[in-house]
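A short worksheet on the structure shown next.
Set out below in structure tokens:
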């Protein structure tokens, strides 16, 4: 039975001639009748001319010469068994194959070794001239001669017994290309150094065999039978036995003229080039190649680890290009800059390598010589400089400095320096921020930044704790991940408790949404109780919001404030309705639920109630939470300001309102951390918001005003009967001391006896006697002030004034016994209980100076004629403007300095306003003593005490005759002394006394305090940077995210 023929390769409707059929199994003995004409019959050759095939798939054999003739082609007819086997194999492979299967024995696969990889990389690095392109990795076709030479090189250097085919080598290059970004990277990873290239420069089997020859054999061998490598080995071995002088004599003997040597080298390289098929080169090019080789060997001898190959040729080309462009020889200048010694400092070179601008040059050179920016990294000094400039000029610097870079380029070109349009290469802002965020040691929390304290520890100085705050936009936020932002966090645990309560309620809602029949009632009851507990809170909030709205409505506040208060009422009312509705819905769901199983309707209702409950919880907890409206920042600053950074932020606190005691608690934590690291605390500096820090310390009063205030507060609520029981004598003790009904240790016995003697000896009434004693509390010629301001003093007030004065003087006496002398100093710093050192508490001088200038604008000083400043305004030499005079820019320190300046003083004296000129002159000198330059310590001291005496002229007029503050009239109002407010008076006298106390320590410490050490200018700078980066108004979330980068 004949086997059916296979499908023809031509058109299926073409007839098949019988003579085109070949036998399936031809035999060699000719017994098969079909094998007789095998030699005469044409075997099947695929032509590739099947209709509808693309032209690119046409076989290389070429079409038949008879293009127009219809050709019939037949293939061999396999047997049914062969067709079945072919079908099974094809099906096992999962595809149809038009080719017949050829069963050949499986060849053994040669695995690539590490030595072969090294040899391949070595060949690519040494034979770049064989590549037709300038690409780093070769990518020629398999037929290229490059791959044959690579195979031979690998066989000789690996070494191996087999020669790898070109396809195998080309595939291995593709694999290595994906593993290593460049040839240099591959050399580094495989350990191919300069010394390796030198040791494997001329590998030769004959040379290795020759090395095993004995010295006797080398002497007796005939030179005619030696190979080239053997001759080279003999020459090298002979040269090793010679001294340096003998080597030079040999060179001069063989090559007396350098031209002959150059000609020999030229001929040698010409012959080599002719052998490898390279075009003829000039003597200059060949000599440059030889110098490159010699330079390479010298670099290796000097210990150069980088690859200085072709340096001579490259440097000459660079100098030639610079000369053609009329540029300076920067190649030589750059080398000179790195090697020549500085004439003024013999221990350093012309350019330092550890600071700018070397980092900039380093990155620019690497940028333009790499193939991708991922291969290089930014030097640390260049990175820090860029961060500084971007912080100083955040909006435009990077855009102008870097240029467009890869803007409007295809994504595939990103990172390619040859496609970048750059002014000065640098990394992007995103890269800077990611690196800073990754490597920074600062955290975006309200905790103390311990890393900042560790940095300051290296300065070994004395530090001021500077505190100031700034406004932020109130915004309570909750992210999709349930993260809260914008809350007041005083580190007292209140926010944490509220957060835990919120998490517990959310857990209850989740349990309710996943409840089954058994625990539905339990979880639902928890929700009902939660909603019921919220109702009283919402009712109280609703009523409170209405009361506040009506109160503000009566005062005619701005409409914006009224709208906010009205929204508060609406929100409380809405939440109250939601809590009541959700409570009823949960009850209905529990009543409708079946005890055995939950139907689809009940399950759907439970899911909806859970979603509504979570939304309700989010809204009601926004009412329970407190939004922060301010950020308080604490910085540490060295009092000498001799080393940058002058100040470092160490903590921030988000708050709505802050008490002085809370601020002391925050400082206490910072001081503990500083003591642990051996950092010495000088004191604290704040603005006028925390005035009590200058008057009341942690263990005792700091200012004389506090003693006056405490003594008057002690008798403020005492009745006449109580006061008389302390003053009226009712007998005598055995030692002769007067006895009273209510003894008070602060009241001296002399006062009690004086009142008693005036009544008996001079027949005065009790009231007259008390009045006479009351008048004796001030020096003769001065009238005491009444106990209550602008109110005629009654008998009760006289008694209170008398007892309060006694308490005040007794307190001064007691403190003086403990080493704190308030009789000579208005302010005395205390010894800190944590640091055990004296701690100063000052006010920021610039804030204080602006408030002192504001008293002039407001006309608070009753003894000055403020119309005099109108004459100054008309004087062009005074520099005074109308905006400065009226305080159009209230927070401007420049305007304050223009109003209180020496030019204004000169103009006032020109207009014969001497008293006003004296007031302004004292303020100018006091400002110079705290903020000026080029003043001696004696001048600063004189200016400070002139200002203090000017204040005491009104506060205690007899201070020139009796400089004892225990004699001060405690009823003298401290408000409006010299036109200053009470806070300004306390802070001004505190700063003066504190600065002079510190000045007396100069000899002991060995240096003077920096004039701006006790100011908050550093904090103002910090806030200005934040406002410039984040905008005029920003939320706490913005501040928290920017905090690590800001510090």
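In UniProt numbering, the protein residues as written are 1 to 1047. Don't be surprised by glycine CBs; every beta carbon is placed ideally from N, CA and C.
Pair every Cβ in the region 711-718 with every Cβ in the region 803-813, then say whether three or more of these pairs are closer than 8 Å.
yes
Quick one: Cα of residue 202 to Cα of residue 163, how far?
Per-residue confidence for residue 202 stands at a pLDDT of 41, beneath the threshold of 50, marking its modelled position as unreliable; no derived number is given.
Report the three-state DSSP secondary structure of residue 843 (helix, strand or coil).
strand
Pick from 426, 397 and 1006: whose alpha carbon is nearest that of residue 366?
The option with the nearest alpha carbon to residue 366 is 426.
I need the DSSP call for residue 105, collapsed to helix, strand or coil.
Interpretation of residue 105 is limited by its pLDDT of 48, a score under 50 that renders its predicted location unreliable; no figure is taken from the coordinates.
Using DSSP with H/G/I as helix, E/B as strand and the rest coil, what is residue 637?
Reduced to three states, the DSSP call for residue 637 is strand.
On the premise that residue 730 lies in contact with residue 741, defined as a C-beta separation below 8 Å, what is that separation, rounded to the nearest angstrom?
6 Å
Backbone secondary structure at residue 164 - three-state DSSP:
coil
In its own chain, which residues sit with a C-beta less than 8 Å from the C-beta of residue 99, not counting the 5 before and 5 after it?
The predicted position of residue 99 is uncertain, since its pLDDT is 44 and thus under 50; no value can be drawn from it.
Extent of the continuous beta strand (DSSP E) to which residue 1025 belongs
Unbroken run through residue 1025 is the alpha helix (DSSP H), 1017-1030; no beta strand (DSSP E).
Give the single residue among 429, 144 and 525 whose Cα lies nearest to the Cα of residue 393.
429
For residue 360, which residues in the same chain have their Cβ closer than 6 Å to its Cβ, ignoring the five residues on either side in sequence?
Residues of the same chain with a CB within less than 6 Å of the CB of residue 360, apart from the 5 flanking positions on each side, are 382 in chain order.
Report the rounded CA-to-CA distance for residue 838 versus residue 702, giving the unit in angstroms.
12 Å
If contacts are defined as beta-carbon pairs under 8 Å, then residue 896 and residue 853 qualify, I think. What distance do you get, rounded to the angstrom?
4 Å
Apart from the five residues just before and just after residue 632, which ones in its own chain have a Cβ nearer than 7 Å to its Cβ?
467, 469, 652, 653, 655 and 658
Among all the DSSP beta bridges, which residues are the ones paired with residue 686?
843
Please state the DSSP three-state secondary structure of residue 463.
The three-state secondary structure of residue 463, taken from DSSP, is strand.
Unbroken stretches of the alpha helix (DSSP H), 4 residues or longer, contained in the region 566-624
600-624
Segments of 4+ residues assigned as alpha helix (DSSP H) that fall wholly inside the region 468-528
494-513
Ordered along the chain, which non-local residues of its own chain (more than five positions away) have a Cβ less than 6 Å from that of residue 257?
Reliability fails at residue 257, whose pLDDT of 48 lies under 50, so the model's placement of it is uncertain and no value is given.
Tell me which residue opens and which closes the beta strand (DSSP E) that residue 649 is part of.
First-last of the beta strand (DSSP E) with residue 649: 647-655.
Inter-residue CB distance, residue 913 and residue 860 (contact presumed, cutoff 8 Å)
That pair is no contact at about 17 Å.
Which class does residue 756 belong to by DSSP, given the choice of helix, strand or coil?
helix
Closest to residue 876 by CA distance: which of 898, 145, 291 and 136 is it?
The shortest C-alpha separation from residue 876 is found at 898.
Whole angstroms is fine: what's the gap from residue 751's alpha carbon to residue 774's?
10 Å
Helix, strand or coil: how does DSSP classify residue 351 here?
coil
Status (buried if at least 16 other CB within 10 Å, exposed otherwise) for residue 832:
Buried: at least 16 other Cβ atoms inside 10 Å.
Rounded C-alpha distance that separates residue 946 from residue 821:
Each residue's CA atom was taken as its position, placing residue 946 and residue 821 some 21 Å apart.
Here's the rule: buried if 16 or more other CB atoms are within 10 angstroms of the residue's CB, otherwise exposed. What is residue 418?
Counting Cβ neighbours within 10 Å, residue 418 comes out exposed, since fewer than 16 surround it.
Give the straight-line distance between the Cα atoms of residue 780 and residue 760, rounded to the nearest whole angstrom.
24 Å
Reducing DSSP to helix, strand and coil, say where residue 429 ends up.
Three-state DSSP puts residue 429 in a helix.
Between residue 369 and residue 491, what straight-line distance do the alpha-carbon atoms span, to the nearest angstrom?
53 Å
Under 7 Å Cβ to Cβ from residue 624, same chain only, skipping five residues before and after it: list those, please.
Apart from sequence neighbours up to five positions away, the residues of its chain that approach residue 624 with a beta-carbon distance below 7 Å are 498, ordered along the chain.
Since residue 731 sits in a beta bridge, which residues does DSSP pair it with?
739
Taking just the CA atoms, how far does residue 292 sit from residue 1085?
Limits of the chain in this structure are 1 at one end and 1047 at the other, which puts residue 1085 out of reach.
Going by the beta-carbon positions, is the gap between residue 929 and residue 944 smaller than 7 Å?
A contact, by the Cβ cut-off of 7 Å.
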